[in-house]
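Numbering (my numbering), first residue to last: -9 to 127.
By construction, the Cβ of each residue, glycine as well, lies at the ideal position given by its N, Cα and C atoms.
Bear in mind that the values here come from a model prediction, so they are computed numbers and not experimental data.
Note sheet for the following structure.
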């Protein structure tokens, strides 16, 4: 039985029965009942605000530390793509990084702006969102 009824309208891409194997590093597993790739933060916010609160939601970044079960994932998988990978320099020692920014991108951007201390991120697969959620690094 479907975990999802009617979904809110989106500007991004909403795909039913989306294969997740191509999106994770282990290249295995089933489908997402729905895969949502938001156009930007406002699209994501509107979608989540209008989504039935009983529908399961799972976030997906680079899929570097994820094994998808063969039976798939019920509800909505939200994939944070390029719109969420932005990095901006705030001051001489501070970067603001989106949840979809990879560790290597953050490390390289810090280097390019003369900011030290983030070199270790080059060796950690995943995104800033995953680092925060799963205590990466």
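- Within 10 angstroms of the beta-carbon of residue 69 lie 16 or more other beta-carbons, which makes it buried.
- By alpha-carbon distance to residue 4, the top candidate from 12, 23, 19 is 23.
- Taken through DSSP and simplified to helix, strand or coil, residue 59 comes out as coil.
- Going by DSSP, residue 114 is part of no beta strand (DSSP E) at all; its letter is neither H nor E.
- For residue 84, the uninterrupted beta strand (DSSP E) run begins and ends at 84 to 87, by DSSP.
- Residue 18 is classed as exposed because its beta carbon has fewer than 16 other beta carbons within 10 Å across all chains shown.
- Between residue 8 and residue 25, the alpha-carbon positions lie close to 6 Å from each other.
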